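Here is the structure we will look at.
Residue numbers (my numbering): 1321 to 1422.
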């Protein structure tokens, strides 16, 4: 995760996301940078519009959590997602991230 956070930090600071910048941030946190992971992340983020991805991710969260109440209807008590739903979401998230880091 430190590599992904480093890339987001560089993006937020308006700096170029490249291998040397990522290595510098990771190593400043006291972690020895893995060249393979750094290269893979830089390659994966090459044509990605990070602002758009963040916007879509935050909108997806709002859509998922927004209650649907019709006029005159009282909202029902909120039920949490089932254990099966949680497991499927965790598997999807880890599958997407694992492709970045091997």
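Think of the CB as a built atom: it goes at the ideal place given N, C-alpha and C, for glycine as much as any other residue.
None of the values given here were measured: they were computed from a predicted structure.
Taking a C-beta distance under 8 angstroms as the contact criterion, residue 1322 and residue 1346 qualify as a contact pair. Taking C-beta atoms under 8 angstroms as the contact rule, residue 1358 and residue 1343 qualify, at a distance of about 6 angstroms.
Distances from the CA of residue 1338 to each of 1351, 1404, 1409, 1324 were compared; the closest alpha carbon is that of 1324. Its chain contains 1342, 1345, 1346 as the residues whose beta carbon lies nearer than 6 angstroms to that of residue 1326, once the 5 sequence neighbours on both sides are disregarded; these appear in chain order. Within the same chain, no residue comes within 8 angstroms of residue 1405 by CB-CB distance, once the 5 residues on both sides are set aside.
Around the Cβ of residue 1353, a 10 Å sphere holds 16 or more other Cβ atoms; the residue is buried. Annotation for residue 1332: the continuous alpha helix (DSSP H) segment containing it runs 1322-1333. In the structure shown, the three-state DSSP call for residue 1369 is coil.
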